[in-house]
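Protein chains in written order, with the working numbering: chain A, 1 to 411; chain B, 1 to 411.
Reading through the structure tokens given below for one structure.
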């Protein structure tokens, strides 16, 4: 089984964006036991797209094409793939109705240019687009199944998972994976601890991926059935959970904020957040989780000292004495928001995100995080590195992680 | 002049990393007037690499190959390109000495495996590697000049700039681009309006890219000099700005939040934000912008009705009468946060992000946004679609956009 991926778009071959769609599709196909042997990118030029599709289809069994099926004049993947298949485009009435219904739901008339998004090669099968207007499709080119998907990553991913996956050839071997999500331990510490107990290149294979402060430890095994492959993974995962302790916050698609909300639900607790340098990111992450409203009472973004005093009761004299970026102020913010909102737990974050505002004693990246509970307030001083966005993101995640650790300890 | 890029490595086709080398090389070549028409990625398999190099060289004038020239057993790009050129590998003595000297400088003996990094196809020209051990080279395959570079981005970039650039064919033309960033207009509406006034496939060429609610309109022109090319773009940009009006918020790398902060600075205005369904995202986006602290006074995330009343003064009776997701509450939130913080402008956002909580009269995706200024409060009702995260992100951007429009109108 040879699979290849074609990405269409001037923005890719001009280097305006890196092709993350091809990487994502490769990983998804590998998870389903299908190895990808090549990626090709081509601009929005019908003849070039046709030529690439024909050449790739001649050597592959499955071809995934993404991009160039939008409503504008430069989108020409439909025509190009139809030409490669030796046929013409026809309007699919169900797809046209779907597009019209999306505009109708917004109280808009469908622009004429969107009608072309319902055109598919004669004889092709529609692949529904649950999240956008463009219809995807599957068509035969030579001996290959060619799938055409949108280029917008969100739409492409949804269509792949819902529409393409059921149509992929069933594989004789199953690949199973499980990911443990970790925070607060470095990649090298995790690798060292696991390496002492597990053969990282053995069965299962263990790989590490660091992304935005979260380390994913991925276990992969291959067997005749998915159940057997999962059975190979389970003991290694148990060992990892043991040696990494509360460094592990979840698995697979889990997030720190979902882990926090799960623990709040389990304990029937409520939370309120007071943020300075993270400017709403902690609240923003928490409120990404559906159902959080029963547990998240309120958040305040107190950028100025005056607002820290007015909204949280931080004594004005404290700023004079120790500065706004200090353990004392973080603790006062956490306790203040807890008391005023009437929540079980309060979070306070204050720090210097940069690029300016740092000094020798408190360099850019100095962040104080505090979590106030009924009996006591826990504090951490962080020294973060990186650009403003990175420091803010990591500070927000450290705050969530501290809430998680406090809740796990039974606060 | 047709240029193409080939990236070699299992880590690319397996999706472990996105191919950022190809994007970088494309931008560099465009800056030198050479348009890249295709990217191809292939794994570390000699026969596959040879086949790809032959196929690409048959249709291109310049081919840049990166990756697979390291010292380990899986690196086979040298052999594969030599085979594609119909020749064999020979050791280049100067390159060998260069590698030995790097090890000597570290006080180490050269491992035998590194000697293969001095091998180049017979008749090829060496491209020196100032930052690493692997020798690059240029070789003729069919009618094309094929350059082979390392895959490590830092080494690849250095070799391209120092070694490859002087060997590239001198271009008689330069390519210039400019991007207009738009919000609040759909891609198809933008295309339709521009299509009435401009030839989108003419000079400059006009392309569209939708990303997370923001539409980028990209103008590209080619001329003898960069200045001339920019001169071709300018009038088309002016027409676009005219027909798109306040749908355009900036250019090139601009963001909505940066545009808002720029307008706050220009007007010497301050802002405060009250959020419900966006849960801190508006404040989070704004505080991404360095220097925002002079203009952003505070934010409150009032998820519960009680907090809307306590922190913003929204009358409790209003929730009974019209519900928390309503024009009235959005206006009261905006006015309340403005009044209590003493800011010039106040923002209120309330809505249903889903996945549950919707009803027929107020389906998931119903969001009310209000901006309160001294004289009046502006309100918009939005009907958004997508997953919870998408609805929240778009609602936050619509709120920022409404602030922008109000500030541009001189609030």
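Even glycine gets a Cβ: it sits at the ideal position worked out from N, Cα and C.
Can you confirm whether residue i, when its beta carbon is compared against all beta carbons of chain B, has any partner nearer than 8 Å?
i: residue 95 of chain A; result: no
i: residue 39 of chain A; result: yes
i: residue 414 of chain A; result: Shown here, chain A extends from 1 to 411; a query on residue 414 of chain A therefore has no answer.
i: residue 355 of chain A; result: yes
i: residue 49 of chain A; result: no
i: residue 152 of chain A; result: yes
i: residue 302 of chain A; result: yes
i: residue 131 of chain A; result: yes
i: residue 71 of chain A; result: yes
i: residue 212 of chain A; result: no
i: residue 148 of chain A; result: no
i: residue 111 of chain A; result: yes
Label residue i either buried or exposed according to how many other C-beta atoms from any shown protein chain fall within 10 Å of its C-beta, with 16 as the threshold for buried.
i: residue 413 of chain A; result: Only positions 1 to 411 of chain A appear in the structure, and residue 413 of chain A is not among them; the question remains open.
i: residue 355 of chain B; result: exposed
i: residue 320 of chain A; result: exposed
i: residue 370 of chain A; result: buried
i: residue 73 of chain B; result: exposed
i: residue 91 of chain A; result: exposed
i: residue 402 of chain B; result: buried
i: residue 150 of chain A; result: buried
i: residue 220 of chain A; result: buried
i: residue 28 of chain B; result: buried
i: residue 212 of chain A; result: exposed
i: residue 359 of chain B; result: exposed
i: residue 328 of chain A; result: buried
i: residue 376 of chain B; result: exposed
i: residue 170 of chain A; result: exposed
i: residue 172 of chain A; result: exposed
Can you find the residues in the same chain that come closer than 6 Å, C-beta to C-beta, to residue i, ignoring five residues on each side of it along the sequence?
i: residue 248 of chain B; result: 180, 182 and 241
i: residue 409 of chain A; result: none
i: residue 67 of chain A; result: 7, 8, 9 and 151
i: residue 43 of chain B; result: 10 and 13
Does the CB of residue i have a neighbour CB from chain A at under 8 Å?
i: residue 389 of chain B; result: yes
i: residue 192 of chain B; result: yes
i: residue 326 of chain B; result: no
i: residue 288 of chain B; result: yes
i: residue 383 of chain B; result: yes
i: residue 189 of chain B; result: yes
i: residue 360 of chain B; result: no
i: residue 20 of chain B; result: yes
i: residue 208 of chain B; result: yes
i: residue 143 of chain B; result: no
i: residue 23 of chain B; result: yes
i: residue 386 of chain B; result: yes
i: residue 219 of chain B; result: no
i: residue 75 of chain B; result: no
i: residue 394 of chain B; result: no
Can you name, in chain order, every residue of its own chain whose Cβ lies under 8 Å from the Cβ of residue i, other than the five neighbours on each side?
i: residue 54 of chain A; result: 84, 141 and 142
i: residue 57 of chain A; result: 63, 84, 141, 142, 143, 144 and 146
i: residue 19 of chain B; result: 7, 12, 39 and 41
i: residue 303 of chain B; result: 276 and 279
i: residue 323 of chain B; result: 329 and 362
i: residue 76 of chain A; result: 44, 45, 46, 49 and 68
By Cβ distance, which residues of its chain are closer than 7 Å to residue i, with the 5 residues on each side in sequence left out?
i: residue 289 of chain A; result: 257, 258 and 261
i: residue 163 of chain B; result: 127, 128 and 136
i: residue 109 of chain B; result: 103
i: residue 384 of chain A; result: 365, 367, 391, 394 and 395
i: residue 341 of chain B; result: 272, 297 and 298
i: residue 2 of chain A; result: 37, 59, 60 and 61
i: residue 184 of chain B; result: 247 and 401
i: residue 338 of chain B; result: 272, 345, 346 and 372
Taking contact to mean 3 or more Cβ pairs, one atom from each stretch, closer than 8 Å, check whether the stretch 223-239 of chain B and the stretch 194-212 of chain B are in contact. yes
Would you call the stretch 280-287 of chain A in contact with the stretch 10-26 of chain B, where contact means no fewer than 3 C-beta pairs closer than 8 Å? no
Which runs of the beta strand (DSSP E), 3 residues or longer, sit entirely within the stretch 139-186 of chain B? 144-149 and 174-182
Stretch pair the stretch 334-352 of chain B + the stretch 393-400 of chain B: three plus CB contacts closer than 8 Å: yes
Which runs of the alpha helix (DSSP H) spanning at least 4 residues fall entirely within the stretch 269-343 of chain B, listed in chain order? 281-286, 305-312, 316-322 and 327-341
Do the stretch 127-142 of chain A and the stretch 156-165 of chain A make contact, defined as three or more Cβ pairs closer than 8 Å? yes
Ordered list of beta strand (DSSP E) runs contained in the stretch 82-128 of chain A, each at least 3 residues: 89-91, 119-121 and 125-127
Minimum length 4: unbroken alpha helix (DSSP H) runs contained in the stretch 15-71 of chain B: 20-31 and 46-57
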